Each structure stands twice: as C-alpha cells, then as structure tokens.
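Heads up, the final residue of the sequence shown is numbered 976 in my numbering, and it's a clean run with no missing numbers. Backbone N, C-alpha and C fix where the C-beta goes; we use that ideal spot for every residue, glycine too. These numbers come from a predicted model, not from an experiment.
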Amino acid sequence: MPVIAVVNRKGGSGKSTFAAHVAAWCALQGHKVMLGDVDRQQSSRNWLRRRHADLPHIAPWALDQKNMLRVPTGISHVVLDTPGGIHGFELARIVMFADAIVMPVCSSLFDRESAAACHAELMALPRIANGRCRLAVVGMRIDGRTRAAEVLRDWSAGLGIPFAGALRETQLYVRSLERGLTIFDLPPGQSQIDLAQWEPILDWMRPILQPAQAANDGDTDAVAATRIGNSRPDSLMPAQESLIHGSRLSVLSASRPAATQSNPGVPTLTRVAESLGVPRFLKR
Ligand SMILES: Nc1ncnc2c1ncn2[C@@H]1O[C@H](COP(=O)(O)OP(=O)(O)OP(=O)(O)O)[C@@H](O)[C@H]1O
Ligand SMILES: [Mg+2]
C-alpha cells in the first residue's frame, strides 16, 4: 500500500492543498485512496466533507469510539496531510509510516530556511538517509513572473533533494478547494496550465503510487520503488494498524498485545517506538 506524506514544518506552505490534490489524482486513477489528516486543524477532513458524492471517492480516516484513526478496509493508497511545526517523534513516526515524503515549499527566504531545517531533521532519520522513504520538494504558490521556481530548484539541488516541480499561485486552487474540488476535477479546459505543472510532479510520484504500471513502462526508478515496497517487514493491514489521534501509535488488532512501557527513556527510536507500542511494521 503506497503511503505518501506531505510534510513541512512551515505553516501555510500548501501541505493540505497538495495532499488533497494527490488524493484526488489517485481517486481519478481508480485507486481506493484515503486522505489521512494527522493535523489537528483537520483541514483535509473538512475539505472532504465539501466533496460531492458523485466525484471520485476519497475516504477519510474512520474514527472509532476510542478516538483512534483507522485505515478503512479495502484502501489501496494512503495520502497523509500533516500539521505545520511537526518535528521530533511525530515526524519520525510519519517517516516510519510513509514510502515518500513530499515537501511543498514556498520560495521566500524564510520558507526556504524553515524547510532546510525540516530537511536536516528528515535526513537524520535512517529511512530517509538510506532512501527507503523517498523525499522530494515541490515549489508552491510560485509567481511565474519571477525567478522563484529557479531559486527553489537551485536551493533543492544545493541540499541534494529532488525537485519534483512547481505549482503556480492561482485562485483556481483556492476556489476549487472551497467547492470540495481539485484542479483534477475541473474540466481540462479550465486548468491546462496547472495540469501541465502537475505532470513532472506526478512523474516523480508514479513509481511510488503505481509501481507495477511504471515497471511495465520500463522505468528503472519504478522497479526500485517496487522493490522497496515489497521489502516491508509487514504490509499495512487495513483495520489492524492505526495512528492514534494524539500522541502515540497503536495496534488495534486484538491478536497483538499492547506493548508494555519497557525501556523508558532509552534514547533510540526503536526503543522509543517499543515503549509506545508502535506496531511491528513501523519499526522497519
Ligand atoms: N497554488 C496556490 N495558489 C494559491 N493559493 C494557494 C496555493 N496553494 C495553497 N494556497 C493557499 O494557501 C493557503 C495555505 O495553504 P494550505 O492550507 O494548503 O497550507 P498548509 O501547509 O496545509 O497550512 P497549515 O500548516 O496551516 O496546515 C490556503 O489559503 C490555500 O488556499
Ligand atoms: Mg494544512
């Protein structure tokens, strides 16, 4: 099950906008996609409520009586929207869960500085450093009349992060989202420029979202992504694993006993994960 997480600790960088679009694109491809909202603002969940039932379906996370968020049964793709300011164990937890992290970054100096700090923290996580969880930057709210996209591309190159593409600043995004839509749901004539801007971004994500298809197309990156996907110690099992809406992860399956508070205070991620009852598949 491909999992794409949209991460940037800078608030307002376009995470929810980007996550909604990736989920809508997956839905249009016929995938059973879930848009998971790890953000307490619940922007993505609120947006989903505006989405018309006739549109390609995007599932929200189901909340059970214990206020736990579950991956619904039958889901084939997961997109995670995350909050601004995410760091530390919260960030590590997302990386353990994801096959790829996309970081939407606006072009200002402050945005780049904040994203660079987020990138440095990501690079300290083994799954990012060894490439098992892939990472790319997307330029967000780019003014096409300026050198903003070029500046961001150079900045990404300087940090060694793939630059998947850039999306322009346009009210089309704002107005679409207000109606529960994305650019992908509009008649193509209304969104040609934007659809073209999404192409390189989707090209970067396709090997992760559609590994079998991309492998058939002879994409070597895709073959690598398939291998990465297959190498998970345990696949995600719908309704067995969940993210708790709060401060820890847990397994809902009755067949797996809850972890005890062993090894408290030992400063390794695995130990921390053990003590918090992180499911086995998240330890990698
Ligand atoms: N390409 C775009 N063109 C114009 N406006 C945009 C674009 N992308 C995002 N926006 C607007 O920018 C604002 C912030 O976007 P969004 O809510 O997606 O950011 P965020 O990173 O999820 O914020 P937060 O950190 O608060 O969760 C919103 O008002 C959104 O409509
Ligand atoms: Mg948001």
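Residue i: beta carbon under 7 Å from a heavy atom of ligand 1?
i	result
residue 862	yes
residue 859	yes
residue 705	yes
residue 852	no
residue 873	no
Compare the C-alpha of residue i against each of the options and name the closest.
i	options	result
residue 880	774, 893, 705, 864	864
residue 818	830, 789, 845, 796	789
residue 857	734, 718, 723, 827	827
residue 891	707, 696, 713	713
residue 824	798, 779, 900	900
residue 781	719, 816, 705	816
residue 873	743, 701, 719	743
residue 747	811, 707, 721	721
residue 776	861, 718, 733, 787	733
residue 773	839, 736, 822	736
residue 696	708, 834, 871	708
residue 798	908, 702, 739, 694	702
residue 840	859, 871, 852	859
residue 822	791, 800, 898	791
residue 694	739, 787, 889	787
residue 741	902, 908, 871	871
residue 745	836, 767, 719	719
Mapping DSSP to helix, strand and coil, what is residue i?
i	result
residue 767	coil
residue 743	coil
residue 729	strand
residue 785	helix
residue 793	strand
residue 831	strand
residue 696	strand
residue 778	coil
residue 853	coil
residue 937	Confidence in residue 937 is poor, its pLDDT being 37 and thus under 50, which makes the residue's placement too unreliable to answer from.
residue 898	helix
residue 858	strand
residue 814	helix
residue 887	helix
residue 837	coil
residue 958	Confidence at residue 958 is low in this model, with a pLDDT of 35, below 50, so its placement is unreliable and the value that follows should be read with caution. It is coil, neither helix nor strand.
With residue i and residue j assumed to form a contact (beta carbons below 8 Å), what rounded beta-carbon distance in angstroms separates them?
i	j	result
residue 770	residue 750	Residue 770 to residue 750, Cβ: 11 Å. No contact.
residue 793	residue 730	Not quite, the Cβ-Cβ distance comes to about 13 Å (not below 8 Å), so this is no contact.
residue 893	residue 830	6 Å
residue 805	residue 779	About 15 Å; that fails the 8 Å criterion.
residue 833	residue 706	6 Å
residue 869	residue 811	Not confirmed; about 26 Å, so no contact.
Taking 7 Å as the cut-off, does the CB of residue i come closer than this to any heavy atom belonging to ligand 2?
i	result
residue 735	yes
residue 799	no
residue 791	no
residue 768	no
Does residue i get closer than 8 Å to chain B when you measure Cβ to Cβ?
i	result
residue 800	Protein chain content of the structure displayed is limited to a single chain, and chain B is not contained in it.
Do the stretch 838-853 and the stretch 705-720 meet, that is, are 3 or more Cβ pairs less than 8 Å apart?
Contact fails: fewer than three Cβ-Cβ distances are below 8 Å.
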